[in-house]
Every structure is written in C-alpha cells, then in structure tokens.
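Worksheet: the structure to be examined is printed underneath.
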Amino acid sequence: MNPIKVLAVDDHQLLREGIASVLEGEPDMVLVAEASSGMDAIEQYRVHRPDVTLMDLQMPGMNGIEAILAIRSEYPASRFIILTTYQGDVQALRALKAGASGYLLKSMLRKDLLDTIRAVHGGRRYIPPEIAADLADHVTDDALTEREIEVLKSVARGNSNKIIADGLNVSEATIKGHMKNILSKLDASDRTHAVIIAMKRGYIDG
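To convert a position in the sequence shown, counted from 1, into the numbering used here, add 15.
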C-alpha cells in the first residue's frame, strides 16, 4: 500500500508544524509538501500531485477557495479538506461548492485530522456535525447577493448610507432598499446586528 500523500497549505508556520507532527509516525500517510499561500499551493500541487490537500481558507493574496478552483480546473480529481477557524455556514457552503470533500475547524485537528484524511482519500465526505447542523439550519434562507455583501462590508467599516451610495454611484434610496433586504434575509434587528450575523456566518471577514 502506498501511503496517502498530503499537502498542507496554511500561512501560519506553527499550524503547518502541528500538522506535520500529527502525521509523523502514521504508516499510511506522508506529508509531501507545505505551502504558505494560494499561489504556492498551486505550484506545490503541480510538483507533488498529493492525494489529499489540507487547505486554509483565509490567506493573503489568493484565498483557499480560489486556490481549490484553480487546482481543480487543472486536476479535476484532486481532493481537499478545508482547515479553518471559521464555523460559518456560508464559508462552508462556498468551500463544498468549490469542490472540498472535508471541512475541519483548526481546533479539531488533533482529534479528527487523521480520520478525515483517510475518509476523503477513500472517496467520502466529512463535515463536522455542528457545521452540518448550521448548513441545515440555513438551507432555505435567501442568500445575500454580491451587491448586498458589498453594502454590508461598507456598513462594517462604519460608513453611512450616503457615503455607501456615493461610493457605489447609486442613490441613497437604493442603499436603503438593500439594507431593508439585508435585515430581512439575516433576521437582524439593526445594522450592527446584521454585521455581527454576517461575520458569524462567513459572509464577511471578521
């Protein structure tokens, strides 16, 4: 049996070292390479052709989802497990749509990493129960549009409707309409509440 070849992608060296220590001594898997960015991940993937890639979501420059899409466009059979500190259902759904087979919170690595690698290598999916529950809770929700997310990001920066309208070259009434839709879709009581919910669910970065 050839060992499972693993590529670890994360911009924090300590986390990559932690992954290496978890994999060390496992006879059925080997860490073939590490990468610290999305672009680096693509290069390392081409060189090493790993069986399973552990991919961080948030990295400077190209993020994990963009890197997955780029790699899968060249290697459609590639398999990915997302590693993230974010439990948000929106981020999880984006990752799964991009082609990830597993989704792990970084706090779960010691406990669940090895079993998840084996499951994904075997052609199965792994999503932790708490994230699966979040996905199920919001499956019938209306998703925010790209423009609504853009408006909410500007709200998170502390901008008024007028400033947001000027920045997007639309009327203040249009922004008020967007805000009304956002509050309704997120079941939020006000602008601040909407930003908090959007961060928790992964629509915007914290």
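Each residue gets a CB set at the ideal place from its N, CA and C atoms; glycine is no exception.
Local Cβ density within 10 Å of residue 217, reported as buried at 16 or more and exposed below that: Residue numbering aside, residue 217 sits at position 202 when the sequence shown is read from its first letter. Burial call: buried.
Straight-line gap, residue 122 to residue 196 (C-alpha atoms, nearest Å): By one-based count along the sequence shown, residue 122 stands at place 107. By one-based count along the sequence shown, residue 196 stands at place 181. About 35 Å.
Beta-carbon gap between residue 102 and residue 145 smaller than 8 Å: Stepping through the sequence shown from its first residue, residue 102 is reached at position 87. Stepping through the sequence shown from its first residue, residue 145 is reached at position 130. Closer than 8 Å, so yes.
DSSP-derived helix/strand/coil call for residue 152: For the purposes of this step, residue 152 is taken as the residue at position 137 of the sequence shown. If DSSP states are grouped into helix, strand and coil, residue 152 belongs with the helices.
Whole-Å CB distance - residue 72 paired with residue 110, under 8 Å assumed: Position 57 of the sequence shown holds residue 72. Position 95 of the sequence shown holds residue 110. Confirmed, Cβ separation roughly 7 Å.
Burial state of residue 76 (16 or more Cβ within 10 Å): In the sequence shown, residue 76 corresponds to position 61, counting from 1. It counts as exposed.
Buried or exposed by the 16-neighbour rule on C-beta atoms within 10 Å, applied to residue 115: Numbered from its first residue, the sequence shown carries residue 115 at position 100. Around the beta carbon of residue 115, a 10 Å sphere encloses 16 or more other beta carbons of the protein chains shown; the residue is thus reported as buried.
Residue 42 versus residue 213 - alpha carbon distance: Counting from one through the sequence shown, the residue named residue 42 turns up at place 27. Counting from one through the sequence shown, the residue named residue 213 turns up at place 198. Pairing residue 42 with residue 213, the inter-Cα distance amounts to about 42 Å.
Cβ distance (whole Å) where residue 70 is taken to contact residue 98 below 8 Å: By one-based count along the sequence shown, residue 70 stands at place 55. By one-based count along the sequence shown, residue 98 stands at place 83. Indeed, because the Cβ distance is near 7 Å, the residues count as touching under 8 Å.
Residue(s) in a DSSP beta bridge with residue 90: For the purposes of this step, residue 90 is taken as residue 75 along the sequence shown, with counting starting at 1. Answer is none; residue 90 lacks a bridge partner.
Rounded separation between residue 171 and residue 68 - CA only: Within the sequence shown, residue 171 is the residue found at index 156, counting from 1. Within the sequence shown, residue 68 is the residue found at index 53, counting from 1. Their Cα atoms are separated by approximately 33 Å.
Residue 124 vs residue 37 beta-carbon contact at 8 Å: Start at 1 with the first residue of the sequence shown, and residue 124 comes out as number 109. Start at 1 with the first residue of the sequence shown, and residue 37 comes out as number 22. A contact, by the Cβ cut-off of 8 Å.
Exposed unless 16 or more other CB atoms sit within 10 angstroms - verdict on residue 135: Sequence index remark: in the sequence shown, residue 135 carries index 120 (1-based). Buried, because 16 or more other Cβ atoms sit within 10 Å of the Cβ of residue 135.
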